[in-house]
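This report refers to the structure that appears directly beneath it.
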Amino acid sequence: MSPGKHSVSQSRWVLTNFFFLTLYFLVLGQIKAEKKLKFAVMVFRHGDRSPTYTYPKDKYQEDSWPDGFGQLTELGMEQHFELGKYMRKRYSGFLNETYSRHEVYVRSTDMDRTLMSAQTNLAGLYPPVGRQIWNKNMTWKPIPVHTVPLTEDKLLAMPLKNCPRYNQLQIETYTSKEFRSLLEPYKDLINSLPNITGYSIKEMQEGVRWWLLYDALQCEQIHNYPLPVWATDDVLNKLSQLADIGMATFFGVYKHHEKSRLQGGVLMGSIIKNISHAASNASGNLKLIMYSGHDTTIASLQMALNVSNGKIPPFASCYIFELYRGDDGEYTVEMYFRNDSSVDPYLVTLPGCSSSCPLAKFTELTSSMIAEDWEKECGAKVNDNKSSGAVVALSIAVFFLSIAVFIMLILYRSYRKGSLNYETV
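Rendered as structure tokens:
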């Protein structure tokens, strides 16, 4: 072959490959561009707070904290304001710039720190503009946050109450071999804690005590309270690991599947229901649901999805579900977890599916964790108070009805007697 022909062939080869590469990237870009966000659900933990409780021998009791125990701090407000601003950036072009009650629904547990976190988050997500500026000296607009009493919360206040079966599982968990094996490496530390904390030996055998102890020390450390001399870096590290174990006992360690059906599966079922409604256009203009909860709220959800990293979710961490519609009409679900404000949320893959999981597959894989009749599986007394109230109300109604009938009979007999007398006369 002559050099000229070789050069022509080589040029054709380059042009052909350039054409196909260009076509490939154009198609790839088109596919990516045509995946459209349809709906989103956020579940986040409240921001930094003071300890909810502390150990008996702690010198920093409730009066050592400006607003008392369990209250959102200024740092916690900053964390959620930052999260709200991040969500404004993430959903730019998806959500309206201004708040619309038809687009967003917000629910919180009925606690100061979660209600305040939701409100601060919304301040970052929806800074008022245009006609929504109601006070020129205030860049804030009130946005409704819905809640129910803690005793009636069957969605976010984990672990959910009024579930005797779950309570029994927890009793069994603390005596199970699975739980005991997890404690073995920390036996010496656990045995030393009663003397320095004031907890009894029995109390220190419960996972919740380790969590409360570590949480109090962590809060004090964050806010520059001098820690006791025994709280060395090694002790704090081990307490952190014990706290993670304590959290895991709520929703796993022993009979994980059954616990998830009674706890995190409830929230997961609600989220899937809302996502499915959005896919079938049954949600109207609703685009975003925000749930303001606790570390237990996120942990229960992660355990039910079997995607937990074994760590207690940090303050202001956020779990995200996003529903996308492809150009072929297929809906997919993507999950993200934001546990560090310095980096973008990382993609979470549901076991058994791809990171962008078809909605039908996602629903199928999670179905076993969702109870069809939660009250029945819990062995709970369904609406016991309401039933008692109904019985009392019915009894009162019957009583007054009986009196009314009795009076009517007397009046009727009197009338009959008067009529007879008249006829006789």
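Numbered according to the numbering used here, the sequence shown spans residues 262 to 686.
Note that the Cβ used here is the ideal one computed from N, Cα and C, for glycine as well.
Item: With the cut-off set at 9 angstroms, would you say G369 and M338 are in Cβ contact?; Value: Note that residue 369 is Ser in the sequence shown here, rather than Gly. Cβ atoms of S369 and M338: not closer than 9 angstroms.
Item: Please report the straight-line C-alpha distance between W401 and W395, rounded to a whole angstrom.; Value: 9 angstroms
Item: Here's the rule I'm using: 16 or more other beta-carbon atoms within 10 Å means buried, otherwise exposed. How should A509 be labelled?; Value: buried
Item: Would you mind giving the Cβ-Cβ distance between H363 and L547, rounded to the nearest angstrom? I have them listed as a contact below 8 angstroms.; Value: 7 angstroms
Item: Measuring only the C-alpha atoms, how far is L333 from M551?; Value: 18 angstroms
Item: Could you have a look at G507 and say whether DSSP puts it in helix, strand or coil?; Value: helix
Item: Apart from the five residues on each side of it in sequence, which residues of its chain come closer than 8 angstroms, Cβ to Cβ, to K520?; Value: Y427, L430, F511, F512, G513, M564
Item: Does the beta-carbon of T493 have 16 or more other beta-carbons within 10 angstroms, so that it is buried, or is it exposed?; Value: exposed
Item: Rounded to a whole number of angstroms, what is the C-alpha to C-alpha distance between E633 and R392?; Value: 46 angstroms
Item: Can you tell which of L608, K422, P410, Y387 has its C-alpha closest to the C-alpha of G525?; Value: K422
Item: Alpha carbon to alpha carbon, what distance is there between P410 and R310?; Value: 21 angstroms
Item: Whole beta strand (DSSP E) runs in the stretch 527-598 with 3 or more residues, listed along the chain?; Value: 549-554, 579-586
Item: So which of Y316, F355, N357 has the shortest CA-CA distance to I457?; Value: Y316
Item: Specify, as a first and last residue, the run of the alpha helix (DSSP H) that L608 falls within.; Value: Segment 607-609 is the beta strand (DSSP E) holding L608; no alpha helix (DSSP H) there.
Item: At 4 residues or longer, and completely inside the stretch 440-512: list those alpha helix (DSSP H) runs for me, N to C.; Value: 448-458, 468-483, 494-512
Item: Examine the Cβ distances between the stretch 570-578 and the stretch 608-622 and report whether three or more of them are shorter than 8 angstroms.; Value: no
Item: How would you call A539, buried or exposed, if buried means at least 16 neighbouring beta carbons within 10 angstroms?; Value: buried
Item: Hey, quick one: how far does the alpha helix (DSSP H) through M377 stretch, first residue to last?; Value: 373-386
Item: Report the residue ranges of all alpha helix (DSSP H) runs contained in full by the stretch 298-365; include only those spanning at least 4 residues, in chain order.; Value: 335-351
Item: Quick check on this structure: which residue in D476, G354, S628 has the alpha carbon closest to the alpha carbon of D556?; Value: D476
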